[in-house]
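Have a look at the structure below before the remarks.
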Amino acid sequence: GAVVSQHPSWVICKSGTSVKIECRSLDFQATTMFWYRQFPKQSLMLMATSNEGSKATYEQGVEKDKFLINHASLTLSTLTVTSAHPEDSSFYICSASGRNPGELFFGEGSRLTVL
Amino acid sequence: AQKVTQAQTEISVVEKEDVTLDCVYETRDTTYYLFWYKQPPSGELVFLIRRNSFDEQNEISGRYSWNFQKSTSSFNFTITASQVVDSAVYFCALSEAFYGGATNKLIFGTGTLLAVQP
């Protein structure tokens, strides 16, 4: 079964609203989680690295005030898209490093559509 | 800087044909991990393989096989006797390793869309 779960799987919202996406590690503690974004027919691009108990590290070009990341516990990281606009419509996927060297688990992804 | 190149944007084969998906990577790290993922239309990433930089042994898993060659910085993926269910986008990815071996962020290639025709 899935070891990293994302919620919601898909969401449709109006322009200007905020949307929160949750990423949970189900049976292990994830000190570090990663958030990726994938536009249609494109590759996955890392947005930020989320560290439990500290501020996220954002990749160049990613607006930290627009994409708020909170990693308040060892099993939960959240991504909030603030004041969403149609250009934010994308597939957002989280991942978490596992207990063993090289292990990495991905969530199922969350498809955001902003009208 | 790390980089992953998947030169093949789209490949179309007929069922039962063998197909090889190419992956070339760049990194200055001596310790790193290489991955292949399958992404069907539903979007979730399906893990296929992880290989660390010290293990150059080729691997076979059913109809899937991987050829890792550090000399050419390549990590190619072959599907033998392809099936329609193999149709998906396949991503090759690279990760440096933290001290202790934990996986860092992944750098993905642009993906190869494989279409297997019946």
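Protein sequences appear in the order of chains A and B. Residues in the first sequence are numbered from 1 upward in steps of one, following my numbering. Residues in the second sequence are numbered from 116 upward in steps of one, following my numbering. Glycine included, C-beta positions come from ideal geometry on N, C-alpha and C. Since this is a predicted model, take the numbers as computed values, not measurements.
| Item | Value |
| --- | --- |
| Mark Phe34 (chain A) as exposed unless 16 or more other C-beta atoms lie within 10 angstroms of its C-beta, in which case mark it buried. | buried |
| How many Å lie between Glu63 (chain A) and Trp181 (chain B) at the Cα? | 38 Å |
| Would you say Arg111 (chain A) lies against chain B (beta-carbon separation less than 9 Å)? | yes |
| Could you tell me the boundaries of the beta strand (DSSP E) in which Phe150 (chain B) lies? | 147-154 |
| Could you give the C-beta distance for Glu171 (chain B) and Lys153 (chain B), rounded to a whole number, given that I count them as a contact under 8 Å? | The Cβ separation is near 23 Å, so there is no contact. |
| Using a Cβ-Cβ cut-off of less than 8 Å, give me the residues of the segment 3-30 of chain A that come near chain B, in sequence order. | none |
| Which residue wins for smallest C-alpha separation from His85 (chain A), given the options A:Gly16, A:Met45, A:Leu79, A:Leu46? | A:Gly16 |
| With 16 other CB atoms within 10 Å as the buried threshold, where does Thr78 (chain A) fall? | buried |
| Pull up the distance between the alpha-carbon of Ser90 (chain A) and that of Asp201 (chain B), whole angstroms please. | 24 Å |
| What residue does the beta strand (DSSP E) around Lys138 (chain B) start on, and which one ends it? | A quick correction: the sequence has Cys, not Lys, at residue 138 (chain B). Run containing Cys138 (chain B): none; DSSP gives neither H nor E here. |
| DSSP three-state label for Ser97 (chain A), please. | strand |
| From this set, A:His71, A:Arg37, A:Phe28, which residue's C-alpha is nearest Glu22 (chain A)'s C-alpha? | A:His71 |
| Hey, is the segment 216-233 of chain B in contact with the segment 118-127 of chain B, meaning 3+ C-beta pairs nearer than 8 Å? | yes |
| Three-state secondary structure (DSSP) at Glu174 (chain B)? | strand |
| Would a check of beta-carbon distances place Ser240 (chain B) closer than 9 Å to chain A? | Lying outside 116 to 233, the shown extent of chain B, residue 240 (chain B) is not represented and no answer is given. |
| Go through its chain and collect everything with a Cβ distance to Ser168 (chain B)'s Cβ below 6 Å, but skip five positions before and after it. | Thr146, Tyr147 |
| Which residues, taken in chain order from the segment 57-75 of chain A, show a beta carbon closer than 9 Å to some beta carbon of chain B? | Glu59 |
| For a cutoff of 9 Å on Cβ pairs, would you count Thr225 (chain B) as touching chain A? | yes |
| Could you name the residues of the same chain whose beta carbon sits closer than 8 Å to that of Phe67 (chain A), not counting the 5 residues immediately before and after it, in chain order? | Trp35, Met47, Ala48, Tyr58, Leu79, Thr80, Val81, Thr82 |
| Within a Cβ cutoff of 8 Å, which residues of the same chain sit near Val128 (chain B), ignoring the five residues on either side of it in sequence? | Val134, Ser197, Leu229, Ala230, Val231, Gln232 |
| When you check each C-beta in the segment 144-168 of chain B against every C-beta of chain A, which residues fall closer than 7 Å? | Tyr148, Gly158, Glu159, Leu160, Arg165, Asn167 |
| At a Cβ threshold of 9 Å, is Leu44 (chain A) touching chain C? | Here chain C cannot be found, since the structure's protein chains are A and B. |
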